[in-house]
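Enquirer: Each step along the sequence shown adds one to the number in the numbering used here, with nothing skipped, and position 203 is 193. Even glycine gets a Cβ: it sits at the ideal position worked out from N, Cα and C. Structure below; questions to follow.
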Amino acid sequence: MHPITQELEQLQKDFSQEAQDIADMQAFDALRIKYMSKKGLVAEKFKVMATLSGEERPIIGKHLNQMKAFVQNRLDELRTSLSDAGEKSAKIDLTLPGNRPVIGRMHPLMKVLEEIKTIFREMGFSIETGPEVETDFYNFEALNIPADHPSRDMQDSFYLPGERVLRTHTSPVQIRTMQKVQPPVRMIAPGRCFRRDTPDATHSPMFQQIEGLVVDEGVSMADLKGVLLAAMRKLLGEHIQIRFRPSFFPFTEPSAEYDITCSSCFGSGCRVCKQTGWLEISGAGMVDPAVFGFVDYDAEKYTGYAFGMGLERIAMIKYNIDDLRIFYENDVRFLTQF
Ligand code: DAH
-9 MHPITQELEQ LQKDFSQEAQ DIADMQAFDA LRIKYMSKKG LVAEKFKVMA
41 TLSGEERPII GKHLNQMKAF VQNRLDELRT SLSDAGEKSA KIDLTLPGNR
91 PVIGRMHPLM KVLEEIKTIF REMGFSIETG PEVETDFYNF EALNIPADHP
141 SRDMQDSFYL PGERVLRTHT SPVQIRTMQK VQPPVRMIAP GRCFRRDTPD
191 ATHSPMFQQI EGLVVDEGVS MADLKGVLLA AMRKLLGEHI QIRFRPSFFP
241 FTEPSAEYDI TCSSCFGSGC RVCKQTGWLE ISGAGMVDPA VFGFVDYDAE
291 KYTGYAFGMG LERIAMIKYN IDDLRIFYEN DVRFLTQF
């Protein structure tokens, strides 16, 4: 056996040994140059070719080529694994904070609604619901709203086939509840309502109300005012005052609209309350005996009061929002503030 054969084996062993310790590109280049450059250890071995006989030449030549291919392959592998590792370590910055999962939260309108429900529950009110698609009877007739009343106009209400209408207020739940139970009644009814309004900063064709109704013996307008004042103070602060203005609703007599102290200026007068110091909330009053007639309650024995509240209106006051459309745009930059 030609001594070169052993030399080649030794070279492969040495090379493999050195390759094992290569940990970075600098060391890799040094190794590559040592073995594979023009004057490197591999090229060195090829010089033996000139000294070989015709028989030896193809055999030794083959060994030499195998040795060279071995070194080259191992170098290629090493280069790939070193550059992969380099890329990965460049991409992973272990000092960066992790990705926090985005957690959903309650819509501001639902937050205010939950608060309102809690406040009334604590005062002994039950929470009732009714359908959004109503009949003419519940939405209008039983509430003593006459046939020629403007709210019955096609221009104001959304009518559906079969004498049905998208409820224009939550007041029909008063009727449905009184049909179900005998006095005493003490309920609120939150829900969606619909009117043919063009959306602007204070109107939306879909909006939410909270209806209130109390029927018992000896219930008075003073009770109404006391309950509304207590609820508004719990919701918006102890500084709140409430005032009633005479008004008209077909289902209450007497009727009032009620205002609360302006939450922006605390009553001294500002742009929000148009210098009046007051913000309008909604309507209220003593249940008209004609309404009791529709549900067979004894109007001689019982009296009652009722009130409405606009949920968006109250949320706007509570959170100082000047355009109600923002509640329905689902912009997360807005929603995540609550
Ligand atoms: N339903 C009335 C509306 O939508 C609000 C209202 C007024 C409700 C007076 C009442 C009430 O219960 O007594 O404008």
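1) Following the continuous beta strand (DSSP E) through M211, name the residue where it begins and the one where it ends.
2) Which of helix, strand or coil does DSSP assign to E124?
3) Quick check: the Cα distance between K215 and R157, rounded to an integer number of angstroms?
4) If you draw a straight line from the C-alpha of D143 to the C-alpha of I93, how long is it?
5) Give a single yes or no on whether G181 has its beta carbon closer than 7 Å to a heavy atom of the ligand DAH.
6) Of all the options G300, N310, A289, which has the alpha carbon lying nearest to the alpha carbon of D249?
7) Which residue's Cα is closest to the Cα of L54: L65, Q0, S71?
8) Any residue with its C-beta under 6 Å from a non-hydrogen atom of the ligand DAH counts. Can you list them all in chain order?
9) So, is the C-beta of Q164 closer than 8 Å to a C-beta in chain D?
10) Thinking C-alpha only, which one of I165, V123, A296 is nearest R182?
11) In the DSSP assignment, find the unbroken alpha helix (DSSP H) run with L156 in it and report its ends.
12) Please classify E302 as buried or exposed, where buried requires at least 16 other C-beta atoms within 10 Å of its C-beta.
13) Considering just the uninterrupted stretch of the beta strand (DSSP E) at T293, what are its terminal residues?
14) So the candidates are V175, L226, D313; which of them puts its Cα closest to the Cα of D206?
15) Which residue comes first and which comes last in the beta strand (DSSP E) that contains Q198?
16) For N134, collect the residues of the same chain with a Cβ closer than 7 Å to its Cβ; drop the 5 residues on either side in sequence, then sort them by chain order.
17) Looking at P189: is its Cβ nearer than 8 Å to the Cβ of R315?
18) In the DSSP assignment, the beta strand (DSSP E) including L269 goes from what residue to what residue?
19) What residue does the alpha helix (DSSP H) around I109 start on, and which one ends it?
20) Mind checking who L72 pairs with in its DSSP beta bridge?
21) Are at least three pairs of beta-carbons, each pair with one atom in the stretch 102 to 114 and one in the stretch 144 to 151, less than 8 Å apart?
Expert: The short version:
1) Not the beta strand (DSSP E): M211 falls in the alpha helix (DSSP H), residues 211 to 226.
2) E124 falls in the strand class under three-state DSSP.
3) 26 Å
4) 45 Å
5) No, the ligand DAH has no heavy atom inside 7 Å of this Cβ.
6) G300
7) Q0
8) H159, S161, E201, F239, T242, S272, G273, A274, G275, A296, F297, G298
9) Given the protein chain composition of this structure (a single chain), no chain D is represented.
10) V123
11) Where L156 is concerned, there is no enclosing alpha helix (DSSP H), although the beta strand (DSSP E) around it starts and stops at 154 to 156.
12) buried
13) 293 to 300
14) V175
15) 196 to 206
16) P240, F241, D278, A280, V281
17) Yes, Cβ-Cβ distance for P189 and R315 is below 8 Å.
18) 268 to 277
19) That run of the alpha helix (DSSP H) goes 98 to 112.
20) Answer is none; L72 lacks a bridge partner.
21) With the cut-off at 8 Å, the stretch 102 to 114 and the stretch 144 to 151 do not touch.
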